[in-house]
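J.: In the working numbering, the protein residues as written are -10 to 214.
After the structure tokens below, expect a handful of questions from me.
Right, here's the structure in full:
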């Protein structure tokens, strides 16, 4: 997901589910761990799924938590079209609402849980990313759970190229790496974690890593009286 015009339009959305696990090693494990973190929460009634994509994550969470209502937003109209079909086919249209736009287009909440998986690195660092994180914090209840996964900077390109070569031809590897450099704004881990803290999150705990991708849990800071 990236701004008002998504990099996942123009046909890329149709290929996303088929190729993402070859790009992010451990993609399925990341999602299982994210779901497990959500399931540790008590009385989860409302969940916001950032960058809902093709709705695979939202559908899984809806099955995990039969009493929960979910909202998912995405800037990609192509992704949302696929998501709508999947939600309808799953019989979950009454429990999963889909919104076109960024976090500021989502309902005000409060939500008990927000998941923000593989989204924030597409939002330019600085004011735009601060707005993204603040928008999440504004919609999350005090002490509510954020599950955050994003690409960060690191010395992994050579190894990542070798990983990609196991699933793609040489030309496609170059396309993927070029897209990474053009579309992803990867900052250092301290800078990324500091950005979350500056926007009202605490208790950050890294729970997973695969090369560039890291995942954390965090809490919205409770108001001080």
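No residue lacks a Cβ here, since even glycine has one placed at the ideal position from N, Cα and C.
(1) Buried or exposed: where does residue -7 fall if 16 or more other Cβ atoms within 10 Å of its Cβ makes it buried?
(2) Take the Cβ of residue 52 as the centre, count every other Cβ of all protein chains shown within 10 Å, and call the residue buried at 16 or more, exposed below.
(3) Since residue 193 and residue 207 should fall inside the 8 Å C-beta cutoff, what is the C-beta to C-beta distance between them, to a whole number of angstroms?
(4) Does the Cβ of residue 151 have 16 or more other Cβ atoms within 10 Å, making it buried, or fewer, making it exposed?
(5) Kindly indicate which three-state DSSP category residue -5 falls into: helix, strand or coil?
(6) Using C-beta distances below 7 Å, list every residue in its chain close to residue 162, excluding the 5 sequence neighbours before and after it, in chain order.
(7) Would you list the residues sitting across from residue 89 in a DSSP beta bridge?
(8) Candidates 122, 44, 67: which alpha carbon is nearest residue 59's?
(9) Grab the span of the alpha helix (DSSP H) containing residue 150 for me, first residue to last.
(10) Identify whether residue 202 lies in helix, strand or coil by the three-state DSSP scheme.
(11) Look at the Cβ atom of residue 199, then the Cβ atom of residue 40, and state whether they are nearer than 7 Å.
(12) Express the C-alpha separation of residue 159 and residue 96 in angstroms, rounding to a whole number.
(13) Which residues in the same chain as residue 140 place their Cβ atom closer than 6 Å to its Cβ, once the five residues preceding and following it in sequence are excluded?
(14) Quick check on the burial criterion: 16 or more other C-beta atoms within 10 angstroms. Buried or exposed for residue 209?
(15) Alpha carbon to alpha carbon, how far is residue 38 from residue 121?
T.: According to the structure data:
(1) Here the question's residue -7 lines up with position 4 in the chain shown. Low confidence applies to residue -7: its pLDDT is 38, below 50, so where it sits in the model is not reliable enough to give any reading.
(2) The residue given as residue 52 occupies position 63 in the chain shown. Counting Cβ neighbours within 10 Å, residue 52 comes out exposed, since fewer than 16 surround it.
(3) To locate residue 193, count along the chain shown from 1; it is residue 204. To locate residue 207, count along the chain shown from 1; it is residue 218. Confirmed, about 5 Å.
(4) If you number the chain shown from 1, residue 151 lands on position 162. The residue is exposed, with fewer than 16 neighbouring Cβ atoms inside 10 Å.
(5) Here residue -5 corresponds to residue number 6 of the chain shown, with the count starting at 1. Reliability of the predicted coordinates at residue -5 is poor, the pLDDT of 48 falling under 50, and the value obtained from them is presented with this limitation in mind. Three-state result, residue -5: coil.
(6) Your numbering for residue 162 matches position 173 in the chain shown. Answer for residue 162: 150, 153, 154, listed in chain order.
(7) For the purposes of this step, residue 89 is taken as residue 100 along the chain shown, with counting starting at 1. Note: residue 89 sits in a beta bridge opposite 63.
(8) Here the question's residue 59 lines up with position 70 in the chain shown. Ranking 122, 44, 67 by Cα distance to residue 59 puts 44 first.
(9) Indexing the chain shown from 1 puts residue 150 at position 161. That run of the alpha helix (DSSP H) goes 146 to 154.
(10) Your numbering for residue 202 matches position 213 in the chain shown. Of the three classes helix, strand and coil, the one that applies to residue 202 here is strand, per DSSP.
(11) Indexing the chain shown from 1 puts residue 199 at position 210. Indexing the chain shown from 1 puts residue 40 at position 51. Their beta carbons are not under 7 Å apart, which means residue 199 does not touch residue 40 by this criterion.
(12) On the chain shown, residue 96 is found 107 positions in, with the first residue counted as 1. On the chain shown, residue 159 is found 170 positions in, with the first residue counted as 1. Looking at the two C-alpha atoms, the distance is approximately 43 Å.
(13) Here residue 140 refers to the residue found at position 151 of the chain shown. The residues are 110, 173, 175, 201, 202.
(14) Here residue 209 refers to the residue found at position 220 when the chain shown is read from its first residue. Under a 10 Å Cβ-count criterion, residue 209 is classified as buried, with 16 or more other Cβ atoms of the shown protein chains found around its own Cβ.
(15) Translated into the one-based positions of the chain shown, residue 38 becomes position 49. Translated into the one-based positions of the chain shown, residue 121 becomes position 132. Spanning the two alpha carbons is a distance of roughly 13 Å.
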